[in-house]
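Novice: Going by the numbering used here, the sequence shown opens with residue 216, and the numbers climb by one from there. Input: one structure, supplied below.
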Amino acid sequence: MPSAQSAKLSDPIPRANWRAVFVWRRLRTVAILCSLLTLLFSFGWELGMPLLVLRVFGVGLALLLVFGLFEQWPRRLPTWIARWALQVAAVGAMVPVAMFIAYVWSTAPGAPPFWREPVRLEGFMTFTFLGMLLAPWTALAALVRQREATLEAQEIAMARAALDARMRLLSAQAQPHFLFNTLANVQALVEAGSPRAPLLLESLTSYLRAAVPRLDGSASTLGQELELVRAYLELMQMRMPDRLAFDLHIGAGVHLLPCPPFTLLTLVENAVQHGIDPSEEGGRIDVHAELLAESRSGSGGAARCRLSVTDTGVGLQVTGRGLGTGLVALRERLHWAYDGSATLDLSEAQPHGVHATIEFDIEPT
216 MPSAQSAKLS
226 DPIPRANWRA
236 VFVWRRLRTV
246 AILCSLLTLL
256 FSFGWELGMP
266 LLVLRVFGVG
276 LALLLVFGLF
286 EQWPRRLPTW
296 IARWALQVAA
306 VGAMVPVAMF
316 IAYVWSTAPG
326 APPFWREPVR
336 LEGFMTFTFL
346 GMLLAPWTAL
356 AALVRQREAT
366 LEAQEIAMAR
376 AALDARMRLL
386 SAQAQPHFLF
396 NTLANVQALV
406 EAGSPRAPLL
416 LESLTSYLRA
426 AVPRLDGSAS
436 TLGQELELVR
446 AYLELMQMRM
456 PDRLAFDLHI
466 GAGVHLLPCP
476 PFTLLTLVEN
486 AVQHGIDPSE
496 EGGRIDVHAE
506 LLAESRSGSG
516 GAARCRLSVT
526 DTGVGLQVTG
536 RGLGTGLVAL
546 RERLHWAYDG
556 SATLDLSEAQ
566 PHGVHATIEF
576 DIEPT
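Shown next as structure tokens:
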């Protein structure tokens with residue numbers, strides 16, 4: 216009876232997926248190797264190229280089938296044998312079997328068996344030797360590459376999960392601080408009997424209605440993000456009516472585009488906190504969302520979206536600010552969300568202020 220430790224070392228039960236046997240990557244590898252072998256044996260071949268091509272490619276496909284078969288069968292293996300070793304051994308053992316079938320199939324009716332003809336027997340031995348030399352090593356290399364690809368995919372998934380968790384943590388940290396400050400302002404206005412108190416409370420309610428559904432980091436559209444940005448800016452304008460002006464310039468066709476949560480809001484919050492708040496006279500924030508004609512990343516002329524936030528605050532040089540924690544996390548999030556095709560740039564606006572731009576490719580529907 217195997218111990219608990221040996222049970223841990225046993226191969227996991229694979230999930231049957233016969234389409235994976237003949238995926239394009241594997242077919243391409245087999246085609247390249249068979250083409251090279253065909254070219255090698257074509258020198259001095261006297262029985263016609265079609266026969267050589269059929270023999271080599273037929274054996275190659277048979278080995279590929281065996282490789283995929285033992286990748287998924289048997290469903291359970293003893294703890295003392297690794298599945299990769301079974302696959303490599305099966306491919307090596309299949310070479311003489313497949314070659315024997317190919318030679319028997321290509322023997323003309325009434326002709327003696329190939330093992331009774333020295334020339335054909337020599338060809339069979341040569342083919343079999345090269346096949347048993349190359350096929351197991353090719354299978355082993357494919358398994359190593361497959362394992363590397365799996366580990367890479369797992370690392371990417373873990374990095375994305377960690378980044379999502381960090382973005383949610385940043386949001387969770389920022390929201391209470393922001394809400395407490397706003398509620399304190401509401402309380403002060405109420406105690407002073409200001410007529411602005413109900414309006415500020417109404418703006419806060421609108422912002423929460425737009426923000427709360429997105430606090431879990433779930434996917435959203437650019438239209439929802441713009442709704443959240445508008446509610447946030449209206450709330451900030453109520454807090455400092457004489458120091459903040461804003462406008463949203465929204466192009467046609469952008470509302471339904473997918474957008475990671477708090478992408479545009481992060482830029483707007485950065486403009487308010489580090490641009491407008493430190494400025495004695497305040498300033499203005501302009502938000503643009505538009506579609507571009509072509510992709511700048513050379514992805515076949517695909518459409519591209521540009522999001523920009525421009526403020527007339529104190530600027531980069533005065534505060535010395537660059538990519539803060541929120542913007543660094545946003546840049547990483549965009550990198551994973553758009554497979555490296557998204558860009559985030561900051562530049563000085565004239566005569567003062569900051570211009571932040573995000574661009575990303577739009578997936579065709």
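C-beta: ideal position from N, C-alpha, C; glycine also.
Answer with buried or exposed for L404, where buried requires no fewer than 16 other C-beta atoms within 10 angstroms of its C-beta.
Specialist: buried
Novice: Out of curiosity, what's the CA-to-CA distance linking L507 and A518?
Specialist: Between L507 and A518, the C-alpha separation is close to 6 Å.
Novice: How would you write the range of the beta strand (DSSP E) that L561 sits in, first residue to last?
Specialist: In this chain, the beta strand (DSSP E) harbouring L561 covers 558-563.
Novice: Does the beta-carbon of V524 have 16 or more other beta-carbons within 10 angstroms, so that it is buried, or is it exposed?
Specialist: Buried: at least 16 other Cβ atoms inside 10 Å.
Novice: Rounded C-beta distance between L252 and V271? I'm assuming under 8 Å.
Specialist: 5 Å
Novice: At the level of alpha carbons, what is the spacing between S321 and L266?
Specialist: 8 Å
Novice: If you compare alpha carbons, which of A246, V401, L276, Y318 is closest to S418?
Specialist: V401
Novice: Whole angstroms are fine: how far does the CA of L479 sit from the CA of H503?
Specialist: Rounded to the nearest angstrom, the two C-alpha atoms are 10 Å apart.
Novice: Can the beta-carbon of P476 be found closer than 7 Å to that of A552?
Specialist: no
Novice: Would you kindly report the start and end of the unbroken alpha helix (DSSP H) that includes G283?
Specialist: 264-287
Novice: Please determine, among P293, T527, V469, the residue with the shortest C-alpha to C-alpha distance to D576.
Specialist: Relative to D576, the option among P293, T527, V469 whose CA is nearest is V469.
Novice: Name, in chain order, the residues that DSSP records as bridge partners for V569.
Specialist: Answer is D526, E563, bridged to V569.
Novice: Consult DSSP for F258 and reduce its assignment to one of helix, strand or coil.
Specialist: coil
Novice: With H, G and I counted as helix, E and B as strand and the rest as coil, what does DSSP make of A399?
Specialist: DSSP places A399 in the helix class (H, G or I) of the three-state scheme.
Novice: According to DSSP, is H470 part of a helix, a strand, or is it coil?
Specialist: coil
Novice: Candidates R335, A323, P289: which alpha carbon is nearest W260's?
Specialist: R335
Novice: Under DSSP, the beta strand (DSSP E) around R499 begins and ends at which residues?
Specialist: 498-507
Novice: What's the C-alpha gap between D554 and P328?
Specialist: 58 Å
Novice: Which residue from Q439, E449, A564 puts its Cα closest to that of D526?
Specialist: A564
Novice: For I465, which beta-bridge partners are listed by DSSP?
Specialist: A504
Novice: By DSSP's criteria, E574 is part of a beta bridge. Which residues make up the other side?
Specialist: Paired residues: R521, T558.
Novice: Using the C-alpha atoms, what's the distance from E370 back to L278?
Specialist: 31 Å
Novice: Mind reading off the beta-carbon distance from R549 to I573? Whole number of angstroms is fine, and I expect it under 8 Å.
Specialist: Going by the sequence as given, residue 549 is Leu instead of Arg. With 8 Å as the limit, L549 and I573 qualify as a contact, their Cβ atoms being about 7 Å apart.
Novice: Measure the C-alpha to C-alpha separation of G307 and T294 and round it to an integer number of angstroms.
Specialist: 22 Å
Novice: Between the Cα of Y447 and those of M314, N485, G466, spot the shortest distance and give me the residue it belongs to.
Specialist: N485
Novice: Should S494 and V529 be called a contact, given that it needs their Cβ atoms to be closer than 7 Å?
Specialist: yes
Novice: What does the alpha-carbon distance come out to for the pair A246 and R362?
Specialist: 22 Å
Novice: DSSP three-state call for T605: helix, strand or coil?
Specialist: For residue 605 there is no data in the structure shown, the boundaries of the chain being 216 and 580.
Novice: Give the DSSP-derived three-state secondary structure of S250 in the structure shown.
Specialist: helix
Novice: Report all residues from its chain with a CB closer than 6 Å to the CB of A460; omit the five preceding and five following residues, and keep chain order.
Specialist: R499
Novice: Alpha carbon to alpha carbon, how far is V238 from F344? Give it in angstroms, no decimals.
Specialist: 27 Å
Novice: Would you report the Cα separation of L423 and S435, rounded to the nearest angstrom?
Specialist: 16 Å
Novice: Do L437 and L463 have their C-beta atoms within less than 7 Å of each other?
Specialist: no
Novice: Quick one: what does DSSP say A409 is sitting in, helix, strand or coil?
Specialist: Note on identity: in this sequence residue 409 is Ser, with Ala being the wrong assignment. Note: S409 maps to coil in three-state DSSP.
Novice: From this set, V569, R454, S421, A412, which residue's C-alpha is nearest V483's C-alpha?
Specialist: Considering only alpha carbons, the answer is V569.
Novice: Since L450 is in the alpha helix (DSSP H), which residue starts that stretch and which ends it?
Specialist: 437-454
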